[in-house]
Amino acid sequence: MGTDSGRPLILVDRDGVVNELVYCTDSGEWESPRTVADVRFRDGAVAGLKQLAATGWQLALVSNQPSAAKGKCRLTDLQAVRRHIAGRLAEQGVAFLFEQYCWHHPLAVPGRWRRRCDCRKPETGALERKLGKWQADRQRLVVIGDQDCDWLLAGRLGAEAVLLDYPYSRDKRQRTPVTAVVADWPAVVRRLGNL
Ligand SMILES: [Mg+2]
Ligand SMILES: [Zn+2]
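This is how it looks when you write it as structure tokens:
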């Protein structure tokens, strides 16, 4: 992988960006899919990721997944969703340089996943180690997300933020300036398509 050093890199959020959120009747909120059957890709996501990769961007997936830590489901269910999404994308030719999943939450039910960690966005510690390992081009580093934590992450990393509008996460995107927000995946590709 040494020949890939220094290439531009996009950190891609998953829920609300790659896949749709799912309405959960127990919480009354739109959340991350808890089962493989609940996984639906967002319109244009797979095609958009393929186009960005073809342009020369490397892609990495960065996702917070606290549902098991909060006792809403089992970690094995979330891991099955993770494998399913990665597998479906791989079938379409979309590969990630790395995936960083955070299963923790500081206010989780007591147990091994209840802690302050440095892999939960917008924390940057774990990502900084990976960016160093992969010698990412810090001048061409982008975060694609849909919530304020993605925008905050971009700011802390010195990266450009491109946030996809998504009706079911707008309430979690109050701090992000509108100049960072685009309507859909084709607009993401238009903004990032010319390296
Ligand atoms: Mg998201
Ligand atoms: Zn974590």
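Take the sequence shown: its position 27, counting from 1, is numbered 503 in the numbering used here, and each next residue is one higher. Yeah, the Cβ is synthetic: ideal placement off N, Cα and C, and Gly gets one too.
Using 8 Å as the threshold, is the C-beta distance between residue i and residue j below it?
i: residue 577; j: residue 558; result: yes
i: residue 627; j: residue 640; result: no
i: residue 490; j: residue 532; result: no
i: residue 635; j: residue 654; result: no
i: residue 488; j: residue 561; result: no
i: residue 669; j: residue 527; result: yes
i: residue 510; j: residue 554; result: yes
Is residue i buried or exposed, if buried means 16 or more other CB atoms sit within 10 Å of its CB?
i: residue 651; result: exposed
i: residue 496; result: buried
i: residue 518; result: buried
i: residue 666; result: exposed
i: residue 499; result: exposed
i: residue 534; result: buried
i: residue 583; result: exposed
i: residue 671; result: exposed
i: residue 492; result: buried
i: residue 507; result: buried
i: residue 503; result: exposed
Would you say the beta carbon of residue i comes nearer than 7 Å to a heavy atom of ligand 2?
i: residue 593; result: yes
i: residue 596; result: yes
i: residue 580; result: yes
May I ask you to check if the CB of residue i is nearer than 7 Å to at least one heavy atom of ligand 1?
i: residue 623; result: yes
i: residue 645; result: yes
i: residue 514; result: no
i: residue 524; result: no
i: residue 492; result: yes
i: residue 553; result: no
i: residue 489; result: yes
List the DSSP bridge partners of residue i.
i: residue 506; result: 499
i: residue 561; result: According to DSSP, residue 561 bridges with nothing at all.
i: residue 517; result: 495
i: residue 670; result: Its beta-bridge partners do not exist; DSSP assigns none.
8 Å is my cut-off, CB to CB: does residue i come that close to chain D?
i: residue 522; result: Absence of chain D from the displayed structure is noted, only one protein chain being present.
Legend entry - Stretch-stretch touch, CB-based, cutoff 8 Å, three pairs: the region 558 to 569 with the region 593 to 604: With a cut-off of 8 Å, the region 593 to 604 and the region 558 to 569 do not count as touching, because too few Cβ pairs lie within range.
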